[in-house]
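Numbering (the working numbering), first residue to last: 286 to 733. Don't be surprised by glycine CBs; every beta carbon is placed ideally from N, CA and C. From a predicted model like this one, the values you see are computed outputs, not experimental measurements. Presented below is the structure to which this report refers.
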Amino acid sequence: MKTLGAAALTAPFITRNLISAPPSGRVRYAAFGSANMARADINSIISHPNVDFVAVADVDSGYLAGIKKDLEGKFPKLRTYADYRELLDKEKDLDCVSVTTPDHCHAVMAMSAMQLGLNVYCQKPLAHDIYEVRALTNYAKKKKLVTQMGIQIHSNDVYRTTVNMIQSGIIGKIKETHSWCGNRHWGSTDPKPTASDPVPSTLNWDLWLNTASYRPFVKDIYHPGNWRKVQDFGTGIFGDMGCHIFDPVFKALELTAPIQVRSEGPRPNDYFWGLKTEMHYIFPGTKYTAEKTIPVYWYDGPGERPPKHIMELVPNMPTLGSIFIGEKGVLVIPHIGAPVVYMKNGDKYEEFEDDDVLQKLALPSLNHWHQFVDAVQGKGKTTAGFDYSGPLTESVLLGSIACKFPKTTLKWNSKSLKFSLAEANKKFKPANELVKREYRSGWKVKGL
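This is how it looks when you write it as structure tokens:
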């Protein structure tokens, strides 16, 4: 158990397909995005022996040339497009797509594909805004499509084992949890950029902007890597890593929607996400929690950790991960590493070292991407479909809104997708305005 998972992962409605599984036994696949994490998703999906990689869309022609060259031996007929909408219009014989692009593109790409009857593998966070997430979740459910969100560690042995341990009751019912990402950030205190740089010859800037309002290209700010820190494009470190690190907490406790959220960190400026976040959630209790409600805490930013009294409970707390505080003990799960159980002994916690018990609770890894392909073929189900990953993402994105209203308790009505306030003030109106954004003209998609 101590070495389990020590290595990180490398890795109008028109139905085109009138039966759930491809009749040929082959899965015809297209990708939106072709480099970096998109390439990792592509490589993992096409490693399934029953996948035919048909087409790929990317706004950067240099990326397209690279993947075309690299895969010409295995997929010589691979077709490339700058605009994903053209791909969907011309490729009439697809079964599924992957969406691995900046966050602000996820919803329109995934919804456009699903409205054509296509199954979707979509990177985290599921979408940029809560409204988009709910729309994707509901549509996938209504049309009974196969979906999977790209939280691949969800299928790794360490996360699966953590869930099994908590649900086994090894540390008793859970009283609270703390999660943190203390070694990185996607934020800035800089003002909105005023510079304007030449657009790279390989980049279609208008297509890259997608649903977002127009602005000049600025090198080293947007494409290819820094867009996560910009509020219009990314969701900050919280939206990025929160979907990973919160996953075993959400799954183990079978959490639903929080009933309130409060930011205790500094407010970001109006263009970039901030350098750190501290978020306090209250969720309804479940059969795995000690009380009728459970507090769930999040901290991110370089050096950010839970309070001292939590950090001192056990030795060797990781730089990023989670701790479950139970009635009989605590469990620490590093990101990505084996869970460690400590049992309460008086005023101290001592590491639980009964290997027989630990091994019985251990679960093996699954292939997150192959699980999706198998489900498209009608073989089994995904474990991070939008029915699960949608509510998870909504909870994370609530924090991305709450951070703009520090020291304010926002009560959340999940059914109506609206905030109210515990305090007697009027901040709930602008908070509700952040649940859904307006798309740029020409980019609206029915259902969003």
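Sequence-distant residues of the same chain with beta carbon closer than 7 Å to residue i, five excluded per side
i: Phe609; result: Ile451, Ile456, Ile459, Thr462, Val615, Leu616
i: Met322; result: Thr385, Gln408
i: Leu733; result: Ala392, Val393, Met396, Glu417, Ala420
Assigned secondary structure, residue i (DSSP; H/G/I helix, E/B strand, else coil)
i: Ser453; result: helix
i: Ala293; result: Because the pLDDT at Ala293 is just 36, under 50, the model does not fix this residue reliably, and the point stays unresolved.
i: Gly614; result: strand
i: Ser607; result: strand
i: Ser548; result: strand
i: Asp337; result: strand
i: Pro485; result: coil
i: Thr474; result: coil
i: Met434; result: strand
i: Ala322; result: Correcting the residue identity first, residue 322 is Met in this sequence and not Ala. Note: Met322 maps to helix in three-state DSSP.
i: Met602; result: coil
Close-in-space but distant-in-sequence residues of the same chain around residue i (CB under 6 Å, 5 per side omitted)
i: Gly586; result: His470, Leu560, Lys561
i: Ala669; result: Gln433, Met434, Ile436, His439
i: Ala398; result: Val382, Val405
i: Arg445; result: Leu648
i: His655; result: His333
Alpha carbon of residue i to alpha carbon of residue j, nearest angstrom
i: Gln516; j: Met394; result: 19 Å
i: Gly665; j: Asn652; result: 13 Å
i: Leu421; j: Val581; result: 26 Å
i: Pro592; j: Ser464; result: 11 Å
i: Ser332; j: Glu723; result: 38 Å
i: Gly606; j: Pro619; result: 4 Å
i: Thr496; j: Val344; result: 14 Å
i: Glu589; j: Tyr348; result: 36 Å
i: His529; j: Phe568; result: 18 Å
i: Arg364; j: Asn489; result: 18 Å
i: Leu719; j: Ile686; result: 7 Å
i: Val642; j: Thr574; result: 22 Å
i: Ser699; j: Asn717; result: 12 Å
i: Arg500; j: Tyr566; result: 35 Å
i: Asp639; j: Ser453; result: 15 Å
i: Lys377; j: Tyr424; result: 21 Å
i: Asp355; j: Ala315; result: 16 Å
i: Val339; j: Arg513; result: 29 Å
i: Ser346; j: Asp337; result: 22 Å
Cβ separation of residue i and residue j, assumed to be a contact under 8 Å, to the nearest whole Å
i: Val681; j: Phe531; result: 6 Å
i: Ile352; j: Arg313; result: So it is not a contact: roughly 17 Å between Cβ atoms.
i: Val503; j: Pro478; result: 5 Å
i: Thr604; j: Asn441; result: Between Asn441 and Thr604 the Cβ distance is about 18 Å, and since that is not below 8 Å, they are no contact.
i: Leu403; j: Asp368; result: Contact doesn't hold; Cβ gap of about 16 Å is too wide.
Close beta carbons around residue i, own chain, < 8 Å, minus the five adjacent residues each side
i: Tyr691; result: It should be pointed out that residue 691 corresponds to Pro in this sequence rather than to Tyr. Cβ neighbours of Pro691 beyond the five flanking positions: Ser548, Glu549, Gly550, Pro551, Arg552.
i: Glu576; result: Lys460, Gly570
Output the residue ranges of the beta strand (DSSP E) runs that lie fully inside the region 611-697 and measure 3 residues or longer, sorted by chain position.
614-619, 625-630, 633-636
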